[in-house]
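Data block below; observations after.
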Amino acid sequence: MPKPRTKRGEERKRKRNDDQQAANASKRSRREDLDHDEPAHAHPEQVDLHGDSLHHEEAPETEFFGMLNEEEQEYFRHADELLELNQFPSPDDRGLFITSVFNEAKGKELKIASSQSCSRLMERLIQLADTAQKKQLFAAFAGHFLSLVQHRFASHCCEALFLRSAGAVSEDLGGDAVPFVVDTTKGGNGAEVSPAQSMESLFLETLDELEGSLAFLITDRFASHTLRVLLLVLSGRPLDDAAAKTLLKSKKKENVSVAGAAAADEANHGPRVVPASFTMAVQKIISDSMENVDATSLRVLAKHPIGNPTLQLLLELDLTLNKSEDHKPTLLFRLLPDAPKSLGDESSEASEFINGMVYDQIGSRLVETLITHAPGKVFKAMNQNIFLPRIQGYVRNDVSCYPAIRVLNRLGKDDLVKAVAQIEPTIPQLVSKTRYNVIRTLFERCVARGLNDEVKKLNKGLKEGCGPQPADLIRTLCLLQDEESEVDGKKNKKDATQLARNEYAIQSHGAQLLTTLFSIPGPAKGVQEALLALSGAQLLKLAQASMPAVTVLTTAFNTPCPNNPGFHKTLTSTLVLPHIGVLATSQYGHNILTTLVEVPSKGKERSVPFHMKEAVMDKLGQMEAELRNSWMGRSVWRSWKGDMWKTRRGDWKVWMREVDVPAQGTVSANKVAVKGRRENGRGKAVDEEPAAAEAVVEETVADETEPQENGDAMDVDGPEAAQEEPSEAVPLEDGESLEAKPKKDKKKKKKDKTGEDGDVKEKKSKKDKKAKKEKKEKKAKKEVVADEEEE
1 MPKPRTKRGE
11 ERKRKRNDDQ
21 QAANASKRSR
31 REDLDHDEPA
41 HAHPEQVDLH
51 GDSLHHEEAP
61 ETEFFGMLNE
71 EEQEYFRHAD
81 ELLELNQFPS
91 PDDRGLFITS
101 VFNEAKGKEL
111 KIASSQSCSR
121 LMERLIQLAD
131 TAQKKQLFAA
141 FAGHFLSLVQ
151 HRFASHCCEA
161 LFLRSAGAVS
171 EDLGGDAVPF
181 VVDTTKGGNG
191 AEVSPAQSME
201 SLFLETLDEL
211 EGSLAFLITD
221 RFASHTLRVL
231 LLVLSGRPLD
241 DAAAKTLLKS
251 KKKENVSVAG
261 AAAADEANHG
271 PRVVPASFTM
281 AVQKIISDSM
291 ENVDATSLRV
301 LAKHPIGNPT
311 LQLLLELDLT
321 LNKSEDHKPT
331 LLFRLLPDAP
341 KSLGDESSEA
351 SEFINGMVYD
361 QIGSRLVETL
371 ITHAPGKVFK
381 AMNQNIFLPR
391 IQGYVRNDVS
401 CYPAIRVLNR
411 LGKDDLVKAV
421 AQIEPTIPQL
431 VSKTRYNVIR
441 TLFERCVARG
451 LNDEVKKLNK
461 GLKEGCGPQP
471 ADLIRTLCLL
481 QDEESEVDGK
491 KNKKDATQLA
501 RNEYAIQSHG
511 AQLLTTLFSI
521 PGPAKGVQEA
531 LLALSGAQLL
541 KLAQASMPAV
551 TVLTTAFNTP
561 CPNNPGFHKT
571 LTSTLVLPHI
581 GVLATSQYGH
591 NILTTLVEVP
601 SKGKERSVPF
611 HMKEAVMDKL
621 GQMEAELRNS
631 WMGRSVWRSW
641 KGDMWKTRRG
651 DWKVWMREVD
661 VPAQGTVSAN
671 KVAVKGRREN
681 GRGKAVDEEP
691 AAAEAVVEET
701 VADETEPQEN
711 GDAMDVDGPE
721 AAQEEPSEAV
731 PLEDGESLEA
741 KPKKDKKKKK
751 KDKTGEDGDV
761 KEKKSKKDKK
771 AKKEKKEKKA
781 KKEVVADEEE
791 E
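Note that full-length UniProt numbering numbers the sequence shown so that position 88 is 88, with each residue one more than the last.
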């Protein structure tokens with residue numbers, strides 16, 4: 001039975017509620033303190049950031065849009081599950097479902113967008129919405145964008161809406177816009193028709209709402225991402241670019257996707273055409289956001305972990321849009337006053353700014369943007385006065401090496417020779433510091449500029465840094481250590497956890513360097529010798545280490561070796577044949593077997609003998625059941641066409657030889673003919689048999705004057721021709737050429753035709769009978785004449 005309600009129980013309940021409210025309030029205040037103190041912990045100079053001129057306006061109060069009731073939450077949560085499962089009978093049914101969800105969400109858009117459980121549904125609906133539905137959401141969010149972009153969940157909905165609506169702006173400019181929108185939500189009769197507002201005006205109205213708070217939004221935790229998205233849409237830059245994606249969302253951003261979103265997003269791929277008003281809007285954003293920012297606040301913003309990416313984008317747009325004499329870059333000269341003249345003075349504000357930012361973990365990213373997009377005169381002054389004299393020290397540092405790489409990419413031939421002369425003696429030191437990306441950039445730029453002597457010097461320094469043995473090149477760059485040394489290293493090093501985190505990045509940079517060396521003739525030979533010097537166990541470990549590591553091996557199989565013809569054969573016998581089972585079921589190693597099947601069986605510079613491929617396939621056939629239990633094994637089985645190997649061994653041999661490079665045109669023609677016969681045996685029989693029958697007829701009845709009737713029809717419609725199987729048409733034995741087999745087949749067909757042709761046999765028998773009869777009559781006449789003479 002339930003206990004009676006008592007005064008003491010009510011007091012306990014009230015006290016428990018008060019304690020819970022106090023705990024929630026303390027958590028909320030602690031979370032807010034962390035959000036506000038996060039920049040201050042990263043940089044002590046930013047403690048007073050919210051009180052300086054950068055944030056002259058106060059943050060607006062957060063709006064509360066209400067909450068969904070339990071029934072509404074359950075409906076939208078179920079709709080989200082249905083969209084994620086995507087088990088609709090047809091795309092039309094899914095479209096009807098999306099329309100019904102939009103109708104149900106009418107008037108509740110703000111609640112859904114700010115709901116923790118239903119905001120993902122809003123993102124998925126935006127990804128699948130048409131232009132009219134997106135405009136409907138713009139109208140629902142209008143007047144509240146300033147609060148929405150600062151909301152933890154609604155800001156993601158705003159980002160999705162801006163990104164997915166970018167292509168509609170170009171459609172409006174092209175005249176593909178819908179002039180009217182039918183409102184079917186009221187009464188369901190579609191009687192109310194309203195003019196459709198252009199997407200251009202909707203974006204500009206949204207920008208008007210945010211205009212007064214741009215300086216504050218730059219450093220807001222959530223709004224800064226939305227502001228970057230809006231800037232990219234207004235600028236017309238490709239939204240699918242890798243550099244743009246890194247600016248748009250953080251590493252912690254959840255990837256919300258739905259089936260069918262990729263097809264609906266095709267209009268947003270590639271460069272977009274934007275109206276002139278968007279370009280003017282971007283220029284106004286740049287000028288308004290930096291209007292009241294002094295030099296000190298600008299330096300603080302450059303080192304701000306949230307404001308720096310937005311400042312990078314503003315600087316890049318400022319340098320790309322304002323190139324004319326009438327519109328000179330404004331933000332560039334705010335960062336570097338009196339440039340390029342002031343860069344020659346070490347005590348100038350511009351020089352101090354670069355020297356202070358180049359070693360900062362966050363500020364160096366802004367310096368990279370400066371180097372990449374700065375005008376030629378400004379870059380030349382920066383290079384001659386700051387970077388080139390100290391390039392040796394910059395490349396050794398783990399932070400300043402990234403701006404130094406940007407500098408190396410823009411250097412001319414003469415300046416690159418000077419830079420290599422400074423860096424070349426320190427190559428072994430760069431190897432010990434794992435600055436593999438710097439070495440890779442040096443090799444790439446020297447090859448691009450045609451500096452062969454510098455390439456030899458760099459290669460010599462790289463070998464000295466890695467070790468005296470040929471195999472040390474792979475061991476060092478790909479972190480291949482012996483098991484004993486690995487155990488000792490983990491015991492002795494306190495930062496083993498941090499080392500494990502950085503191991504993948506270091507291995508990736510080393511693999512990229514080795515891949516670059518494969519494309520250069522001289523260093524490529526050294527990499528090949530290093531791979532051949534490794535034992536089978538070390539090669540297997542390299543194949544199973546990571547995706548960058550296995551890329552080294554796949555590149556080795558794909559690279560021609562004119563100076564070492566047996567390289568691919570030796571690598572296959574050392575790595576592949578002894579470890580086929582392990583590689584086929586390995587997450588990374590199966591890529592080697594997938595690459596091996598594409599290597600030709602014959603060739604001077606790149607080949608693996610056919611008998612070795614057969615040995616690989618035999619081993620794969622023995623472990624078919626094991627291969628089918630993993631996705632890696634199934635991928636290998638499909639790549640090697642294991643089902644064809646089991647059922648049609650002759651066809652598999654022909655297919656395997658198709659990757660060979662033909663030496664003559666006739667061989668290529670025979671391959672095409674064999675392939676066509678294999679794919680369509682009946683059709684090939686129809687094409688070839690009449691020619692064979694005609695040849696037989698010409699040989700047997702050339703002296704006859706009567707035409708051959710229905711000879712071709714009998715050849716085509718013959719039962720054996722119709723039932724001919726591809727596997728019987730092209731079986732090849734070991735050592736038999738592709739040219740000889742079709743000739744044998746044709747000879748067999750000719751013999752069969754002469755035996756099957758009823759008309760030819762019948763005419764032969766008639767001729768024989770007639771000749772015998774004539775002979776008998778002549779003989780009889782001779783006998784009669786002889787008897788008469790005797791009488």
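For glycine and all other residues, C-beta sits at the position ideal for the given N, C-alpha and C.
Residue from 604, 581, 579 with nearest C-alpha to residue 568 | Walking along the sequence shown from the start, residue 568 turns up at place 568. Closest by alpha carbon: 604.
Taking the C-alpha atoms as reference points, what is the distance between residue 574 and residue 611?
-> Along the sequence shown, one-based indexing puts residue 574 at 574. Along the sequence shown, one-based indexing puts residue 611 at 611. Take the alpha-carbon of residue 574 and the one of residue 611: they are about 15 angstroms apart.
When you compare only the Cα positions, how much space is there between residue 107 and residue 235?
-> Here residue 107 refers to the residue found at position 107 when the sequence shown is read from its first residue. Here residue 235 refers to the residue found at position 235 when the sequence shown is read from its first residue. Whole-angstrom Cα-Cα distance: 32 angstroms.
Inter-residue spacing [alpha-carbon to alpha-carbon] between residue 119 and residue 86 | Counted from its first residue, the sequence shown places residue 119 at position 119. Counted from its first residue, the sequence shown places residue 86 at position 86. Straight-line Cα distance between these residues: approximately 18 angstroms.
Alpha carbon to alpha carbon, how far is residue 523 from residue 219? Give it in angstroms, no decimals.
-> Position 219 of the sequence shown, counted from the start, is the residue given in the question as residue 219. Position 523 of the sequence shown, counted from the start, is the residue given in the question as residue 523. The alpha-carbon atoms of residue 219 and residue 523 are separated by roughly 47 angstroms.
Does DSSP put residue 454 in a helix, in a strand, or in coil?
-> The sequence position of residue 454 within the sequence shown is 454, counting from 1. In the structure shown, residue 454 sits in a helix (DSSP, three-state: H, G or I).
Proximity of residue 620 and residue 637 at Cβ, strictly below 8 angstroms = Translated into the one-based positions of the sequence shown, residue 620 becomes position 620. Translated into the one-based positions of the sequence shown, residue 637 becomes position 637. At the C-beta level, residue 620 and residue 637 come within 8 angstroms of one another.
Is the Cβ-Cβ distance between residue 363 and residue 303 less than 8 angstroms?
-> The residue labelled residue 363 in the question sits at position 363 within the sequence shown. The residue labelled residue 303 in the question sits at position 303 within the sequence shown. A contact, by the Cβ cut-off of 8 angstroms.
Find out if the Cβ-Cβ distance for the pair residue 396, residue 429 is shorter than 8 angstroms.
-> Taking the first residue of the sequence shown as 1, we reach residue 396 at position 396. Taking the first residue of the sequence shown as 1, we reach residue 429 at position 429. Yes; because the gap between Cβ atoms is below 8 angstroms, this pair is in contact.
Ends of the alpha helix (DSSP H) at residue 548?
-> Locating residue 548 in the sequence shown gives position 548, where the first residue counts as 1. In this chain, the alpha helix (DSSP H) harbouring residue 548 covers 547-558.
Alpha-carbon spacing of residue 205 relative to residue 78, whole angstroms = Residue 205 sits at position 205 when you count from the first residue of the sequence shown. Residue 78 sits at position 78 when you count from the first residue of the sequence shown. Linking residue 205 to residue 78 through their CA atoms gives a straight-line distance of about 34 angstroms.
Is it the case that the Cβ atoms of residue 147 and residue 172 are separated by a distance below 8 angstroms?
-> By one-based count along the sequence shown, residue 147 stands at place 147. By one-based count along the sequence shown, residue 172 stands at place 172. No, the pair does not count as a contact, with Cβ atoms beyond the cut-off.
Going by beta carbon distance, what residues of the same chain come within less than 7 angstroms of residue 287, once the five residues before and after it are set aside?
-> Locating residue 287 in the sequence shown gives position 287, where the first residue counts as 1. Counting only Cβ-Cβ distances below 7 angstroms, and skipping sequence neighbours, we find 330.
Extent of the continuous alpha helix (DSSP H) run through residue 338 = Here residue 338 refers to the residue found at position 338 when the sequence shown is read from its first residue. DSSP places residue 338 in no alpha helix (DSSP H); its state is neither H nor E.
Between the beta-carbon of residue 359 and the beta-carbon of residue 407, is there less than 8 angstroms?
-> One-based indexing of the sequence shown puts residue 359 at position 359. One-based indexing of the sequence shown puts residue 407 at position 407. Contact annotation: residue 359 and residue 407 have beta-carbon atoms that are not nearer than 8 angstroms.
Grab the span of the alpha helix (DSSP H) containing residue 577 for me, first residue to last.
-> To locate residue 577, count along the sequence shown from 1; it is residue 577. If you look at residue 577, you'll find it isn't in any alpha helix (DSSP H); DSSP assigns it neither H nor E.
Residue 466 by DSSP, collapsed to three states: which one?
-> Locating residue 466 in the sequence shown gives position 466, counting from the first residue. The DSSP-derived three-state label of residue 466 is helix.
C-beta contact flag for residue 144 and residue 110 at 8 angstroms | Stepping through the sequence shown from its first residue, residue 144 is reached at position 144. Stepping through the sequence shown from its first residue, residue 110 is reached at position 110. Taking 8 angstroms as the cut-off, the Cβ atoms of residue 144 and residue 110 count as close.
Assuming residue 576 contacts residue 592 under a Cβ cut-off of 8 angstroms, what Cβ separation, rounded to an integer in Å, is found between them?
-> Taking the sequence shown and counting its residues from 1, the one referred to as residue 576 is at position 576. Taking the sequence shown and counting its residues from 1, the one referred to as residue 592 is at position 592. Indeed, because the Cβ distance is near 7 angstroms, the residues count as touching under 8 angstroms.
Do residue 459 and residue 509 come within 8 angstroms of each other at the CB atom, strictly closer than that value?
-> Numbered from 1 along the sequence shown, position 509 holds the residue referred to as residue 509. Numbered from 1 along the sequence shown, position 459 holds the residue referred to as residue 459. Going by C-beta atoms, residue 509 is not nearer than 8 angstroms to residue 459.
The alpha helix (DSSP H) enclosing residue 215, as first and last residue numbers | Within the sequence shown, the letter at position 215 stands for residue 215. First-last of the alpha helix (DSSP H) with residue 215: 214-217.
Pull up the distance between the alpha-carbon of residue 550 and that of residue 588, whole angstroms please.
-> Within the sequence shown, numbered from 1, the residue matching residue 550 stands at position 550. Within the sequence shown, numbered from 1, the residue matching residue 588 stands at position 588. Near 6 angstroms, if we compare the C-alpha coordinates of residue 588 and residue 550.
Can you name, in chain order, every residue of its own chain whose Cβ lies under 8 angstroms from the Cβ of residue 417, other than the five neighbours on each side?
-> Here residue 417 refers to the residue found at position 417 of the sequence shown. Leaving aside the five residues that flank residue 417 on each side, the residues in its chain whose CB is nearer than 8 angstroms to its CB run, in chain order, 451, 454.
Can the beta-carbon of residue 319 be found less than 8 angstroms from the beta-carbon of residue 332?
-> On the sequence shown, residue 319 is found 319 positions in, with the first residue counted as 1. On the sequence shown, residue 332 is found 332 positions in, with the first residue counted as 1. Yes.
Cα-Cα, which of 225, 560, 583 is closest to residue 536?
-> On the sequence shown, residue 536 is found 536 positions in, with the first residue counted as 1. Answer by Cα proximity: 583.
Alpha carbon to alpha carbon, what distance is there between residue 296 and residue 369?
-> The count along the sequence shown starts at 1 and reaches residue 369 at position 369. The count along the sequence shown starts at 1 and reaches residue 296 at position 296. For the pair residue 369 and residue 296, the Cα-to-Cα distance works out to about 20 angstroms.
Of all the options 596, 548, 544, which has the alpha carbon lying nearest to the alpha carbon of residue 559?
-> What you label residue 559 is simply residue 559 of the sequence shown in a count that begins at 1. Checking every option, the nearest Cα to that of residue 559 belongs to 596.
Would the beta-carbon of residue 224 fall within 8 angstroms of that of residue 306?
-> Counting from one through the sequence shown, the residue named residue 224 turns up at place 224. Counting from one through the sequence shown, the residue named residue 306 turns up at place 306. In this structure, residue 224 places its C-beta atom within 8 angstroms of the C-beta atom of residue 306.
When we look at the beta-carbon of residue 775 and count the other beta-carbons within 10 Å, is it buried (16 or more) or exposed?
-> As a position in the sequence shown, residue 775 is number 775, starting the count at 1. Under this definition residue 775 is an exposed residue.
Could you tell me if residue 441 is buried or exposed, where buried requires 16 or more neighbouring beta carbons within 10 angstroms of its beta carbon?
-> One-based indexing of the sequence shown puts residue 441 at position 441. Looking at its Cβ environment, which holds 16 or more other Cβ atoms inside 10 Å, residue 441 is buried.
Own chain residues within Cβ distance below 7 angstroms of residue 431, not counting five before or after = The residue labelled residue 431 in the question sits at position 431 within the sequence shown. Residues of the same chain with a CB within less than 7 angstroms of the CB of residue 431, apart from the 5 flanking positions on each side, are 462, 465, 466, 476 in chain order.
Could you say which of 657, 530, 76, 133 lies nearest to residue 614 if we only look at CA atoms?
-> Your numbering for residue 614 matches position 614 in the sequence shown. Residue 614 has its Cα closest to that of 657, out of 657, 530, 76, 133.
So, using beta-carbon positions, are residue 639 and residue 594 closer together than 8 angstroms?
-> Within the sequence shown, numbered from 1, the residue matching residue 639 stands at position 639. Within the sequence shown, numbered from 1, the residue matching residue 594 stands at position 594. Their beta carbons are under 8 angstroms apart, which means residue 639 touches residue 594 by this criterion.
Segments of 4+ residues assigned as alpha helix (DSSP H) that fall wholly inside the segment 368-447 = DSSP runs (the alpha helix (DSSP H)) wholly in the segment 368-447: 376-382, 391-396, 401-410, 413-423, 427-432.
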